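Below is one structure, written out as structure tokens, with a few remarks after it.
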Amino acid sequence: MVVNFDLAAQQILVSQNLIARDIFLIITYSIFLILPIEALYLYKKYKAQKNLAIFKFFAALALLALVSEVLKFLVGRERPDGSGKDSFPSRHAGLAAIGAWFWPTNSKAQKALAWTWACLVGLSRLALNLHWASDVLAGLLFGIIFSLICEKLPFEKLKFKK
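Listed below in structure tokens is the structure:
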């Protein structure tokens, strides 16, 4: 069932259009620009709690990096383009989900924009033929779960230097 889902999504989303491919490349690698900007923004916005806010953000990123690396090694799923056996889960999708989760705003419109960006990062991984749809969904899910865990854990009890 997962294989059928993956193949159907791949047929629909893999982009052969060079302009679309370039756009998807920009979207997929935007995480390396947006996440550092977000970290700096978290640091500056939450002056009283900045250490705690940024600690939770980086804890979620670290947890995703660790778990995804272990899963990539254990599962060894081949990428759709055949470029490696590290397809599951999509780390880009997970990073984008963490970025959207921790985006520092109370504005529903800005949150919607952050989640739209996260979904576009996931779609870009499919369109570039670098992941199967189930890899992307798993990456997004891991990003959400690890964000929730890191947000809810009582990190306040840790003592940070001021």
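Numbering (numbering that gives the first Met the number 0), first residue to last: 0 to 161. Built from N, CA and C at the ideal position, the CB exists for glycine as well. In this text, all values refer to a predicted model and were calculated from it rather than measured experimentally.
Span separating the alpha-carbon of residue i from that of residue j
i: LYS96; j: PHE23; result: The residue you asked about is not Lys; residue 96 is Ala in the sequence shown. If I take the Cα positions, the gap works out to 17 Å.
i: PHE87; j: GLU77; result: 8 Å
i: ALA61; j: ARG124; result: 21 Å
i: SER82; j: LYS156; result: 44 Å
i: PRO153; j: PHE54; result: 12 Å
i: ASP80; j: ASN128; result: 6 Å
i: LYS107; j: PRO35; result: 22 Å
Backbone secondary structure at residue i - three-state DSSP
i: GLU68; result: helix
i: THR115; result: helix
i: SER146; result: helix
i: GLY81; result: coil
i: ASN3; result: helix
i: SER123; result: helix
Within 9 Å, strictly: CB atoms of residue i and residue j
i: ALA8; j: TRP131; result: yes
i: GLY142; j: ALA59; result: yes
i: GLY138; j: ALA92; result: yes
Own chain partners of residue i with C-beta closer than 7 Å, once the 5 adjacent residues on each side are dropped
i: GLU150; result: LYS55
Same chain, Cβ closer than 6 Å to residue i, five either side skipped, listed in chain order
i: LYS84; result: GLY75, GLU77
i: ALA99; result: ALA113, TRP114, ALA117
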